[in-house]
Structure formats: structure tokens, C-alpha cells
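There are 2 protein chains.
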Amino acid sequence: MPVTAREWHLAATPHGEPTPGDFRLVEVEHPDPAEGQVVVAMIAMSVDPYMRGRMRPEPSYAAPWEIGEVMRGGAVGRVVDSRSPDVPVGALVLADAGWRDVAVLPAREVRVLPALDDVSPTHHLGVLGMPGLTAYAGLFRVAAFTPGDDVFVSGAAGAVGSLVGQFARLRGARSVVGSAGSPEKVAWLTGELGFTAAFDYHDGPVARQLRAAAPDGISVYFDNVGGEHLEAAIGALRVHGRAALCGSISGYNATEPPPGPRNMSLLVTKRLTLRGLLVGDHGDLRDEATAAIAGWLRSGELVARETVYEGLEAAVPAFLDLLRGANTGKMVVRLAPDPARP
Amino acid sequence: MPVTAREWHLAATPHGEPTPGDFRLVEVEHPDPAEGQVVVAMIAMSVDPYMRGRMRPEPSYAAPWEIGEVMRGGAVGRVVDSRSPDVPVGALVLADAGWRDVAVLPAREVRVLPALDDVSPTHHLGVLGMPGLTAYAGLFRVAAFTPGDDVFVSGAAGAVGSLVGQFARLRGARSVVGSAGSPEKVAWLTGELGFTAAFDYHDGPVARQLRAAAPDGISVYFDNVGGEHLEAAIGALRVHGRAALCGSISGYNATEPPPGPRNMSLLVTKRLTLRGLLVGDHGDLRDEATAAIAGWLRSGELVARETVYEGLEAAVPAFLDLLRGANTGKMVVRLAPDPARP
Numbered sequence: 001m002p003v004t005a006r007e008w009h010l011a012a013t014p015h016g017e018p019t020p021g022d023f024r025l026v027e028v029e030h031p032d033p034a035e036g037q038v039v040v041a042m043i044a045m046s047v048d049p050y051m052r053g054r055m056r057p058e059p060s061y062a063a064p065w066e067i068g069e070v071m072r073g074g075a076v077g078r079v080v081d082s083r084s085p086d087v088p089v090g091a092l093v094l095a096d097a098g099w100r101d102v103a104v105l106p107a108r109e110v111r112v113l114p115a116l117d118d119v120s121p122t123h124h125l126g127v128l129g130m131p132g133l134t135a136y137a138g139l140f141r142v143a144a145f146t147p148g149d150d151v152f153v154s155g156a157a158g159a160v161g162s163l164v165g166q167f168a169r170l171r172g173a174r175s176v177v178g179s180a181g182s183p184e185k186v187a188w189l190t191g192e193l194g195f196t197a198a199f200d201y202h203d204g205p206v207a208r209q210l211r212a213a214a215p216d217g218i219s220v221y222f223d224n225v226g227g228e229h230l231e232a233a234i235g236a237l238r239v240h241g242r243a244a245l246c247g248s249i250s251g252y253n254a255t256e257p258p259p260g261p262r263n264m265s266l267l268v269t270k271r272l273t274l275r276g277l278l279v280g281d282h283g284d285l286r287d288e289a290t291a292a293i294a295g296w297l298r299s300g301e302l303v304a305r306e307t308v309y310e311g312l313e314a315a316v317p318a319f320l321d322l323l324r325g326a327n328t329g330k331m332v333v334r335l336a337p338d339p340a341r342p
Numbered sequence: 001m002p003v004t005a006r007e008w009h010l011a012a013t014p015h016g017e018p019t020p021g022d023f024r025l026v027e028v029e030h031p032d033p034a035e036g037q038v039v040v041a042m043i044a045m046s047v048d049p050y051m052r053g054r055m056r057p058e059p060s061y062a063a064p065w066e067i068g069e070v071m072r073g074g075a076v077g078r079v080v081d082s083r084s085p086d087v088p089v090g091a092l093v094l095a096d097a098g099w100r101d102v103a104v105l106p107a108r109e110v111r112v113l114p115a116l117d118d119v120s121p122t123h124h125l126g127v128l129g130m131p132g133l134t135a136y137a138g139l140f141r142v143a144a145f146t147p148g149d150d151v152f153v154s155g156a157a158g159a160v161g162s163l164v165g166q167f168a169r170l171r172g173a174r175s176v177v178g179s180a181g182s183p184e185k186v187a188w189l190t191g192e193l194g195f196t197a198a199f200d201y202h203d204g205p206v207a208r209q210l211r212a213a214a215p216d217g218i219s220v221y222f223d224n225v226g227g228e229h230l231e232a233a234i235g236a237l238r239v240h241g242r243a244a245l246c247g248s249i250s251g252y253n254a255t256e257p258p259p260g261p262r263n264m265s266l267l268v269t270k271r272l273t274l275r276g277l278l279v280g281d282h283g284d285l286r287d288e289a290t291a292a293i294a295g296w297l298r299s300g301e302l303v304a305r306e307t308v309y310e311g312l313e314a315a316v317p318a319f320l321d322l323l324r325g326a327n328t329g330k331m332v333v334r335l336a337p338d339p340a341r342p
């Protein structure tokens, strides 16, 4: 039986901050699945900062999205029809299915998820998914974290940042400082997540607030923000300090190249290491990360908060609000109840 | 017998480009050497870009020099009087003796150099000294050079840069591109040192010239210049590219913080590594580096050119000219003939 899906397409290349007019909700009729394909009823989809980079005309780290294409991104759903022996009807799957309520996909492009009764399906988009692996690989491999480090995380209330800070605490950081964009987030970081200190970057120059929060400096920086945060962190890093650069959300909507850190010469004098990070390089760590993270979740030591928007119509507001920092923890869009867990 | 020495002292903290008035030549009477001291008749002294950093009032990577102190720096000389059994009269020694013609030093602060008839004493200030080890450790350890790399070196006609490019060639780089500040230097890099390509940074935007010289990009960058060069290199580095940051001479005389690279987000998308380098961290490589470099010198595969100024009076012009890029290869000041090699 043919399938009718509703999908968000890229309608225009945004200039600066994206607007609702850059997206279009369309109805698409899919024919019956072909041999090797599955039909997935989506339960939840992800919006992530990296998506802004894919909406540029020039290539980012992945090919840019074309006008008229469906918006891409991670999503979880249940298989409701299958023409593949590998992916049975009823399986919970993760796929780069994009912003839509039903997807017809090659079975080889979906990953069957373990049935974990105690884990919300949306966690596969967050703490047990791409953001979780990003935080894990970034902190432990790219920044070469070791117990006793003094860690600073920007965007610390976001999907990745909130995990980085907690991972550092759980593995023996001496201190963990976070920056975020609201008093509520700051209170959450120190109150619930166990950060040593946190500050609202609206409250004054980042360098000054970081100096107050970490008067002896830091040994590791995890950057989700770029710009002023990166410059402040370079100033605060001690000799042989390391920074994992994961994103620079402060510049994603910029229409001019943002100014760079004016203190790059400190990389020489303090022998700092700055290293960029994309999760796709670190798939070999997935099993290790999943085991560690699932253990922390079960023991209750790790908080995996989500900000949930309801319904496919909410995908665009969720994305725009994400770029404005409206989320605490992972931003997800719930599309439908899980048919297997009514 | 007391010793009269002439010494250059720091007379004032320079604002911007140093001027001759920032230095003062004074005569100092030293008493007879005490137990454990040696008297060294200097043969040659070094001027190096890092010295500009030590003339700042705020700490650089080492303590700043005080007004009225002797200018510091590497120098070679012959021991002419000794009250230490470890350092006999007649020994050729290297020490942080500074800008002076005679020094009275604790024997434990001088290093006795091997007697190499085929090596000029000044080479211990350059190719076999600090610049040689800097180039060696920076390229092979910090930038993790491997055969087949496409290397770009800025300040490529300088003491360190000219060695980096040649080391890369000698160890199997696929290509070596250098930038320098005059047509003569550019011709020297490609004509005598075996660089694949070179350009004069005065001839146009570095990014454009680098793109022309390395159309497929680079995998390793060795930075002696900072500023526009660093931004261009970040743009040219391929995925997983590495940069060793050794200096940023373009900013040493700056009175305002120089603008930083506007393309730092490429560190994320291309997963680049930028790492700072000071030679003091890499003393464990000295024997390995010396063996390799001495071998290349003997076989004639390595060119170790010097720009030599004559006489202690020339120390200040040598230093000021160095900061303006007047040297090709290592800049040294010859103070006196070697008493052991008349």
C-alpha cells in the first residue's frame, strides 16, 4: 500500500538567521517499498546545530543540502513494513531519515536499536546517540582528558556540553566550569549536573567570568561556541593545555567571517593544542561509549535532560529555537507515540 | 686578573618596533672568577626573534627582562680561565651568555661542545643548536610529519624555516612550499634548498599565493609568522592536517592585539590540529636531532646558511634587522676570532 509522508524541505538558503520561510512542509506519496526497503513510522527526530552548516551554498564538512531536498537528520522510529529479512517489522531503528513522519529507506541505511525497556527512544538521538559519542570522543580522545584536569565547557547546557561536563566529573576532573545562556541553565549546571562553577555569558566578558570561576586556569577546554569563548579559553588554558573544538554556534548565523582569537600567540608560549572534532571520525569508540554511558544512566549518576517539541509542525520552531539556545539538554521533536509502547 | 667586559643592557621597554635607544652598551668590570666559575671569551652570539618577547613588561613564556639587565641569548666562546675541573681552559662552550664579549659564568651553566673541525662554531647557534632542534622537534614531533606530506613553511628563509623545509625534503615530503620576504630569498628556497615552490608574501594575499603554489592543499604547516599566514594555512590544510606553531613574528612589534584567523571554524570541519612549540620541551630529542643534522651537513645534503654581522657593536643592528627579515638563514654576530683557530 503506498505511503503518504509529510516532509520538511529546504525552500531557500538562509542569509543569517534562518526564518520559517526557508522551509516548506510538503506531502509526498511513496510507492510500495521495493525489495530491500523498509517503511519506518517515525517516533522522534533530532534538530542539531550542525544542520545550519548544511544549509549553506558552499560545502561545509558534508555536502550542502540542495533547495527542494528533504531536511536531513537523525530520527528514530518503528518499522511498520519491511521487504528486508534483516530489519523486521516492529524493530526500533535509528536512521538519517530527516524531518518527516514516515520514511521509506533502504534497510542497509537503518540501524536496529537494542530493546532497552528503561531507555526512552529519544535517548538514541541524544545521550546514547550522536551527541553522546561526540562528547565522549571529544573529551576522552580529542582533548585527551585525564583525571585531575580542570575542564571548561562552553554551551554547557546543550546536548553535547551537558554530557561533557558530567563525563569529566564522573571520570575524576578536579573541576568543571560551564558557560550557558540563562540563569536557569547556570543553576541547573551547578545544582543538578554537579559542575563546580558556571556562569551566564550575558553577564559580562567571558574572559573575566572564566577567570573568576577558574582562578588557577584550566587544562582542558571543550568548545561548542567559538568566538569570544574560544579566545577566553585560550587565555585561561595553562601550559600544555588542550582544546577540543566541536562547534562554533556563535558564528553559525554570521553573514561575515567572525573575528578570530586575538591571542593565538599564546598557543606558542603555552604550547597549547587545539584540535577539531567531528563525530564521524570516532565510530570505533561507539561500543565503548555506549557501555559507559548506559552504565551511568542506569546508576543514576548521569542526567540526560531533553527539551521536547511536539509534532512535525514544530520541527522548524525547534530548530530556530535551538540556534537561539532555547533548549536545555538535547532538543528533540516528538512525532508520534511509539506504536510498540502505547 | 679582573676582566673587563662590554655588554648590551636593556635600556627601555620598546613600544612597537625596538629602536637603538632601547639598548645601552656598557663596560663592566668582573672580579676574578670564583670557585666553580669560568671566564669565556665569546666568539659569536645569537640574535633570535623570541628575544622581542622577552623585552615586554608582561611575562611572555619566560620571565621578562628587566631594565638594566644584560640582553640574554645563546653564545659560543672559548674558556680562557677556569676554576672548575669540569670545564677546562680551551674548551669550546655554549651558554646563555647574552650580548657581551666576555662572560664570567658558573661552569654548570655552560655546555662543552664537541670539537668538530669541520663545523663552524657559529653552527652551534643555528643548525646544530636551538634553531636546529626547534625545526626538528617541530616538524617531526609536534607536526607529526610523515613521508608523503605536503608541507608549507612560513618564514622559510629564516634560521628555523630554512631547516624545516630541508628536513621535510630529506625525509620524503611530497612537496615543500615556503614563503619569504624577498625575491632573492624565494629564489634561494627553490634554487638551492630544494623547495618545490616558494613565494614572496609581498606579492599578493598569502591565501591566493599559497593556493597557486599548492593547488591540492597541504597536510602540514610550520608557522613562524602568524597573522595572515596562519589564516591562509588553515584554509589550505586538508582534512586531518596538522600545524606546528613556532612563532608569530608578524605580531612581535604589534602595539595592538593582532586580528586572529577568521576561519577557525575550519578546525572543526577539517578536524585540524594546531599545536604550539617551544624548544625547551624537546631537549630529549637533542641527541637524535644532532646526529641526523650532522649527518646531513657532512653529506652536503643540508644547506646551513648564515647572515653574519661583525662585532659587538653590530648586535643591535643585527637584532633590528632580524625583526625586519634582513637575514637569510641564521643571523649571528661574530664577536672575535676563535682563539683556538687563528
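If you read the sequences in order, they're chains A and B. Under full-length UniProt numbering, the residue at position 102 of the first sequence is numbered 102, and the numbers go up by one with no gaps. Under full-length UniProt numbering, the residue at position 91 of the second sequence is numbered 91, and the numbers go up by one with no gaps. Glycine included, every Cβ here is placed at the ideal spot set by N, Cα and C. Here the structure is a predicted model, which is why all the values come from computation and not from measurement.
For a contact defined as C-beta to C-beta under 8 Å, what are the partners of residue i on chain A?
| i | result |
| --- | --- |
| ASP81(B) | Near ASP81(B) there are no residues of chain A at all, since even the closest Cβ is about 37 Å away, more than 8 Å. |
| SER248(B) | MET264, SER265, VAL268 |
| GLY74(B) | The premise fails here: GLY74(B) is roughly 19 Å from chain A at the closest Cβ pair, so nothing lies under 8 Å. |
Work out the CA separation of residue j and residue i for me, nearest whole Å.
| i | j | result |
| --- | --- | --- |
| ASP223(A) | GLY16(A) | 22 Å |
| ARG108(B) | GLY36(B) | 8 Å |
| LEU139(B) | PRO259(B) | 26 Å |
| PRO2(B) | ASP81(B) | 11 Å |
| THR328(B) | GLY217(A) | 40 Å |
| TRP99(A) | SER120(A) | 19 Å |
| ASP48(A) | MET51(B) | 47 Å |
| PRO337(A) | LEU105(A) | 20 Å |
| TRP188(B) | LEU210(B) | 18 Å |
| VAL40(B) | GLU7(B) | 13 Å |
| LEU266(B) | SER84(B) | 56 Å |
| PHE145(B) | LYS270(A) | 21 Å |
| GLY178(B) | GLY132(A) | 42 Å |
| TYR252(B) | THR19(B) | 14 Å |
| PHE195(B) | SER175(B) | 7 Å |
| GLU288(B) | GLY295(B) | 11 Å |
| ALA44(B) | GLY77(B) | 7 Å |
| ALA292(A) | VAL142(A) | 17 Å |
| residue 366(A) | GLU301(A) | Because chain A in this structure spans residues 1 to 342, residue 366(A) falls outside the shown range and cannot be described. |
Ordered along the chain, which non-local residues of its own chain (more than five positions away) have a Cβ less than 7 Å from that of residue i?
| i | result |
| --- | --- |
| PRO14(A) | ASP22, MET55 |
| SER46(A) | GLY73, GLY74, ALA75, LEU125, VAL332 |
| THR190(A) | ALA197, ALA198 |
| VAL186(A) | ALA180, ALA198, PHE199, ASP200 |
| GLU192(B) | VAL303 |
| ALA213(B) | VAL177, ALA197, PHE199 |
| PRO261(B) | LEU230, GLU231, ILE234 |
For residue i, which residues in the same chain have their Cβ closer than 8 Å to its Cβ, ignoring the five residues on either side in sequence?
| i | result |
| --- | --- |
| residue 362(A) | The first residue shown for chain A is 1 and the last is 342, placing residue 362(A) beyond what the model contains. |
| ASP281(A) | ALA137 |
| PRO64(B) | ARG54, MET55, ARG56, PRO57, GLU58 |
Using a Cβ cut-off of 7 Å, pull out every chain B residue sitting near residue i, in sequence order please.
| i | result |
| --- | --- |
| ASP281(A) | ARG271 |
| GLY251(A) | SER265 |
| PRO258(A) | ARG262 |
Beta-carbon within less than 6 Å of residue i's beta-carbon, same chain only, minus the 5 sequence neighbours each way: which residues are those?
| i | result |
| --- | --- |
| SER219(A) | ASP149, ASP150, ARG238, GLY241 |
| GLU228(A) | VAL206 |
| GLU29(B) | PRO2, THR4 |
| ALA173(B) | ASP149, VAL151 |
| VAL89(A) | VAL79, SER82 |
| VAL26(A) | GLU7, HIS9 |
| ALA232(B) | VAL206, ALA207, LEU210 |
| LEU322(B) | VAL47, MET331 |
Would you mind telling me which residues of chain B sit closer than 8 Å to residue i, beta carbon to beta carbon, in chain order?
| i | result |
| --- | --- |
| LEU278(A) | VAL268, THR269, ARG271 |
| LEU245(A) | MET264, LEU267, VAL268 |
Could you work out which residues of chain A lie near residue i, taking near to mean beta carbons separated by less than 7 Å?
| i | result |
| --- | --- |
| ARG286(B) | Ordered by position in chain A, no residue passes the 7 Å Cβ test against ARG286(B), which lies about 17 Å from the chain. |
Is any non-hydrogen atom of the ligand ZN found closer than 7 Å to the C-beta of residue i, if you look at the structure I gave you?
| i | result |
| --- | --- |
| PRO18(A) | Because no ligand of any kind appears in the structure shown, any question about the ligand ZN cannot be addressed here. |
Practice problem: Could you please tell me which residues of the segment 260-273 of chain B, in chain order, have their CB closer than 9 Å to any CB of chain A? | Solution: GLY260, PRO261, ARG262, ASN263, MET264, SER265, LEU266, LEU267, VAL268, THR269, LYS270, ARG271, LEU272, THR273
Quiz item: Do the segment 274-293 of chain B and the segment 236-256 of chain B make contact, defined as three or more Cβ pairs closer than 8 Å?
Solution: yes
Exercise. Decide if the segment 315-332 of chain B is in contact with the segment 295-313 of chain A; the criterion is three or more beta carbon pairs, one per stretch, under 8 Å apart.
Key: no
Practice problem: Residues of the segment 137-164 of chain B with a CB closer than 7 Å to any CB of chain A: list them in chain order, please. | Solution: Residues of the segment 137-164 of chain B with a C-beta atom less than 7 Å from some C-beta of chain A do not occur.
Quiz item: Just by C-beta distance, which residues in the UniProt region "Disordered" (1-21) of chain A are closer than 7 Å to chain B?
Solution: none
Quiz prompt | Residues in the segment 201-231 of chain B having any Cβ partner in chain A nearer than 8 Å | solution = GLY226, LEU230, GLU231
Quiz prompt | chain A contacts from the segment 77-106 of chain B (Cβ-Cβ distance under 9 Å) | solution = none
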